[in-house]
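> In full-length UniProt numbering, the protein residues as written are 1 to 346. One structure, as structure tokens, below. Some questions next.
Have a look at this one:
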């Protein structure tokens, strides 16, 4: 793709995200979401592969439907209350429609079917944008309306997302699809706590985005798209593969690593809210996703395939990306000890 066009699309993405996050009026928030959708479509379909075109079409249709629902819910609320302010969403029907719209935007169960397909049809760099920055505006809208959302509905969506995200990722061989189901599972953790402690949702999202960015950039560096090629990739940059192992375990939420922090805090908060059964259930369901993270980790470093390909080791990699991966990997693995400081900032 032409670098100037690429730059325009990236700037539009940032602009759309900023407009949605900083707006108070529903129409402005909707405008930001539309700019985002239109800016990411060329980035999904830039390879001109039929799979990419299909992914772009699916993405366009689902996001258009979700945007229409956002507009419909805000208009219904304005009709009943006379308020266009995002924080004044008080009408129960509007809240219900908005929750469905945001679930569709994010890819929460039962509106999750588009997300693995779209991620599978996109390049790794676009997949990174879809998994991180494109999730920020809908989560910001949920954050602003969290006081008026339906707790039962969100808890149900969250538990279903964690269950299906874990279950459907078990038999995948394509890494992008595994990461898509991992994203759905993590969104379940974010959705369950948004009403009780919205700041924890944001903390969870920031840490998830950081760990996912590390994994996507690493996979992009070693040019790996499926499990069979991941097995032979250790010969390219062995040290990077070792760090990928730790990042995957961090994304799974294992204790000494960064990924354990949001899960620990969410379980603690749910227990405080007398939701110990929900906390137990969501913790047990996250073991499903732990299985496929462990399988990815096993393929990354612990197993040797029967036929190794003789790669020359890459002693010189792209310097700017290497520095970014080094910083992100360190943060993805070692932030747990400074969690008190993170909590005071959040």
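We put the beta carbon where it would ideally sit given N, CA and C, even for glycine. Bear in mind that the values here come from a model prediction, so they are computed numbers and not experimental data.
Residue 122 and residue 52 look like a contact to me (Cβ under 8 Å); what is the Cβ gap, rounded to whole Å?
At roughly 7 Å, the Cβ-Cβ gap stays under 8 Å, so residue 122 and residue 52 are in contact.
> Keeping to the same chain, check which residues put their C-beta closer than 8 Å to that of residue 215; ignore five residues upstream and five downstream.
So the qualifying residues of the chain are 179, 244, 247, 248, 251.
> Does the beta-carbon of residue 170, which I'm using as the reference point, lie nearer than 8 Å to any heavy atom of the ligand ATP?
As presented, the structure is devoid of all ligands, the ligand ATP included, so that no description of it is given.
> For the stretch 169-186 against the stretch 150-157, do three or more pairs of beta-carbon atoms, one drawn from each stretch, fall closer than 8 Å, so that the two count as touching?
No, the stretch 169-186 is not in contact with the stretch 150-157.
> Does the Cβ-Cβ distance between residue 59 and residue 90 come in under 9 Å?
It is not a contact, given that the beta carbons lie outside the stated cut-off.
> Answer yes or no: does any C-beta atom of chain D fall closer than 9 Å to that of residue 29?
In summary, chain D is missing from the structure at hand, where a single protein chain is found.
> Residue 10 to residue 16, Cα distance in whole Å?
Cα to Cα, the separation comes out at about 10 Å.
> Residues in the same chain with beta-carbon distance under 7 Å from residue 26, minus the five sequence neighbours each way, listed in chain order, please.
Cβ within range, chain order: 74, 84, 86.
> Who pairs with residue 58 in a beta bridge, going by DSSP?
For residue 58, which the question treats as bridged, DSSP gives no partner whatsoever.
> By DSSP's criteria, residue 274 is part of a beta bridge. Which residues make up the other side?
Note: residue 274 sits in no beta bridge, so no partner.
> Is DSSP giving residue 174 helix, strand or coil here?
Correct three-state label for residue 174: strand.
> On the DSSP bridge list, what partners appear for residue 25?
Looking at the DSSP assignment, residue 25 forms a beta bridge with 85.
> Return the chain-ordered ranges of every alpha helix (DSSP H) run that is complete within the stretch 83-134 and spans a minimum of 4 residues.
Segments of the alpha helix (DSSP H) lying fully in the stretch 83-134: 92-106, 114-121, 124-131.
> Excluding the 5 residues preceding and the 5 following residue 117 in the sequence, name in chain order all residues of the same chain whose CB lies nearer than 7 Å to its CB.
If we look at residue 117 and ignore the five residues flanking it on each side, its Cβ neighbours are 55, 58.
> Mapping DSSP to helix, strand and coil, what is residue 226?
DSSP places residue 226 in strand when its eight states are reduced to three.
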